[in-house]
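Its first residue numbered 11, the sequence shown is counted upward by one per residue in our numbering.
Below: the structure, in structure tokens.
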Amino acid sequence: MNESPQCLAVMYHYVRDADANADGGDGIVALHPVDFAGQLDRLCADLEPVDWQLLDAWYHGRANLPERSFLLTFDDGLIDHADVVAPILERRGLRGVFLVSTESIVERRPAPAHQLHALLSALGADQLRETLLARLADVSNDRWHLTQADRSRVDSIYHYESPVRAEIKYLIHYKLSSDLRDDVLGLLCAAHLGPATLLASRWYLTIDQLRDLQSAGHTIGGHGHRHEPYARLTPIQQQHDAIRSIGLLTEHLGAGSRPFSYPFGSIGDSAVHACQEAGFTAAFTTVPAWIDAQSDRFRMGRVDTIAVDNFLETHELCPR
Ligand SMILES: [Zn+2]
Numbered sequence: 011m012n013e014s015p016q017c018l019a020v021m022y023h024y025v026r027d028a029d030a031n032a033d034g035g036d037g038i039v040a041l042h043p044v045d046f047a048g049q050l051d052r053l054c055a056d057l058e059p060v061d062w063q064l065l066d067a068w069y070h071g072r073a074n075l076p077e078r079s080f081l082l083t084f085d086d087g088l089i090d091h092a093d094v095v096a097p098i099l100e101r102r103g104l105r106g107v108f109l110v111s112t113e114s115i116v117e118r119r120p121a122p123a124h125q126l127h128a129l130l131s132a133l134g135a136d137q138l139r140e141t142l143l144a145r146l147a148d149v150s151n152d153r154w155h156l157t158q159a160d161r162s163r164v165d166s167i168y169h170y171e172s173p174v175r176a177e178i179k180y181l182i183h184y185k186l187s188s189d190l191r192d193d194v195l196g197l198l199c200a201a202h203l204g205p206a207t208l209l210a211s212r213w214y215l216t217i218d219q220l221r222d223l224q225s226a227g228h229t230i231g232g233h234g235h236r237h238e239p240y241a242r243l244t245p246i247q248q249q250h251d252a253i254r255s256i257g258l259l260t261e262h263l264g265a266g267s268r269p270f271s272y273p274f275g276s277i278g279d280s281a282v283h284a285c286q287e288a289g290f291t292a293a294f295t296t297v298p299a300w301i302d303a304q305s306d307r308f309r310m311g312r313v314d315t316i317a318v319d320n321f322l323e324t325h326e327l328c329p330r
């Protein structure tokens, strides 16, 4: 194993022309395909592309890694990844790592985060807030107006969002119990977007598309079965979720070395243990850092696409 290589894992989600896409709109933060291609060109100019097989072989001491490399990762099993991303990668001879939540793909159940994106796109933030609070008043006796303490948490977690969008996201992801969140999002989606399977068909890759990606040389990994932040699950629930995730991937795509990415970047010792014990061979966080010989294989850093330029400017490469 050569000792000094550094690899930059880049993290992507939506890659689509939001203006031209029926599922574009307000709820989705998308990277435009032209900007995606431009970023690939800049990465290829500065660093050498590697795929999962090579990084995995390097971790096991079976291969050398280029001194300065990058790896492309795509979370959430979004339909963009077959429609837009794979053709752009394959034209350049690049291969990616696609990290998918098996419940959305296999059972065609949209994840709460994506239900929320779809509702924000369909209704806009103001109308969604009003409708959400009205529905919550119907189904729960609790009052859902934010306290002063909530407000300061909203500001620190969602500082990059408009106040209304920040309030909605905080309510859904932090304030409501998982059951109430699922109930209210289910009701709103049924009322405004139609059946869950229809939303899933517009949002997610199918098993066949995953097989095609794998056959073309890309890697399919896990991103939780239910796309829940692991910090919200008990250690036993984390283990069940990780086992279900790799079980379904193996059943539909065959055995292989599969990495994992922690949903919402939510990580702790029990989450690491759960995905290691389940049989994933490595895992990505959302902590921006180079992957190098000192990196923990189950806590590999990643840099979001929008932060790549800044990261490369501010995180010096080790001297050769
Ligand atoms: Zn995700």
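Ideal placement from N, C-alpha and C gives every residue a C-beta, glycine not left out.
- Taken from the Cβ of F274, at least one heavy atom of ligand 1 lies inside 8 angstroms.
- Taking all protein chains shown into account, L208 has fewer than 16 neighbouring C-beta atoms within 10 Å of its C-beta and is therefore exposed.
- Here G37 is buried: its Cβ has 16 or more other Cβ atoms, across all protein chains shown, within 10 Å.
- The three-state reading of DSSP puts D90 in helix, counting H, G and I together.
- Annotation note: the segment 113-147 contains no uninterrupted beta strand (DSSP E) run of length 3 or greater.
- In this model, D56 and G227 are separated by some 23 angstroms (Cα to Cα).
- Taking 8 angstroms as the cut-off, the C-beta of H183 does not count as close to any heavy atom of ligand 1.
- With respect to R254, T112 sits close: the two C-beta atoms are nearer than 9 angstroms.
- Between ligand 1 and the CB of A293, the shortest heavy atom gap is not smaller than 8 angstroms.
- Under the three-state reduction of DSSP, Y214 is assigned to strand.
- Checking the 8 angstroms criterion, the Cβ of D251 is out of range of every heavy atom belonging to ligand 1.
- By the CB criterion at 9 angstroms, H262 and L109 fall outside the cutoff.
- Judged by their CB atoms, D222 and A92 are nearer to each other than the 9 angstroms cut-off.
- The DSSP-derived three-state label of Y240 is helix.
- D251 places its beta carbon 9 angstroms or farther from that of L259.
- In this structure, V25 sits away from V107, with a CB-CB distance that is not shorter than 9 angstroms.
- Between F290 and the set I277, V297, D302 and R307, the nearest pair of CA atoms involves R307.
- Counting every other CB atom within 10 Å of its CB across the protein chains shown gives R119 a total of 16 or more, marking it as buried.
- Secondary-structure assignment with DSSP links S271 through a beta bridge to F294.
- When secondary structure is reduced to three states using DSSP, E58 falls in the strand class.
- Selection H42, V116 and L143 evaluated against L220 yields V116 as nearest (Cα-Cα).
- Contact check for I301 against M310 passes: the beta carbons are separated by less than 9 angstroms.
- Under the DSSP assignment, T324 falls in the alpha helix (DSSP H) whose first and last residues are V318 to T324.
- Boundaries of the alpha helix (DSSP H) around S188: S188 to H202.
- In the structure shown, the three-state DSSP call for T157 is coil.
- Taking a C-beta distance under 9 angstroms as the contact criterion, K185 and L203 do not qualify as a contact pair.
- For ligand 1, no non-hydrogen atom lies closer than 8 angstroms to the CB of H42.
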